[in-house]
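Colleague: Numbering (the working numbering), first residue to last: 27 to 112.
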Amino acid sequence: MTLIPARSGTCRGGGACLTEDVFTPVVGLHKDITGTMCMAYPPEEFAGTLERIADGTIDAAALVTGQADLGGVSAALDTLRRPATT
Numbered sequence: 027m028t029l030i031p032a033r034s035g036t037c038r039g040g041g042a043c044l045t046e047d048v049f050t051p052v053v054g055l056h057k058d059i060t061g062t063m064c065m066a067y068p069p070e071e072f073a074g075t076l077e078r079i080a081d082g083t084i085d086a087a088a089l090v091t092g093q094a095d096l097g098g099v100s101a102a103l104d105t106l107r108r109p110a111t112t
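(1) Between which residues of its own chain and T36 is the CB-CB distance below 6 Å, once the five residues before and five after are set aside?
(2) For T62 versus G97, is the C-beta distance shorter than 9 Å?
(3) Measure the Cβ-Cβ separation of T75 and I84 and say whether it is below 9 Å.
(4) Quick one: what's got a C-beta closer than 7 Å to R78's C-beta in the same chain, skipping five residues either side?
(5) Determine whether the beta carbon atoms of A102 and A94 lie at a separation below 9 Å.
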């Protein structure tokens, strides 16, 4: 799958790579894309985000794509391991 970023957009990479990770940002250079990377966010940022979700500043409804009770967690994780390719 190829994603085409909008002009003057932002791309954020999070996490860690335990081996050498090389990328060539050709599309980003032509489209004036800002790239940022992080390994971890401090707890204060998580707390601030949760507060904004709770007070309605951030509408997190779009982030919830499904729900599972405790009995359905295993099946939900299996589904996430094999995402749809449509």
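Backbone N, C-alpha and C fix where the C-beta goes; we use that ideal spot for every residue, glycine too.
Modeller: The answer reads as follows:
(1) The residue labelled residue 36 in the question sits at position 10 within the sequence shown. Excluding positions up to five away in sequence, the list reads T60.
(2) By one-based count along the sequence shown, residue 62 stands at place 36. By one-based count along the sequence shown, residue 97 stands at place 71. Result no, Cβ atoms of T62 and G97 do not sit closer than 9 Å.
(3) Start at 1 with the first residue of the sequence shown, and residue 75 comes out as number 49. Start at 1 with the first residue of the sequence shown, and residue 84 comes out as number 58. In contact: T75 and I84 (Cβ atoms closer than 9 Å).
(4) Position 52 of the sequence shown, counted from the start, is the residue given in the question as residue 78. I84, listed in sequence order.
(5) Here residue 102 is taken as the residue at index 76 of the sequence shown, counted from 1. Here residue 94 is taken as the residue at index 68 of the sequence shown, counted from 1. Cβ distance < 9 Å, so A102 and A94 count as in contact.
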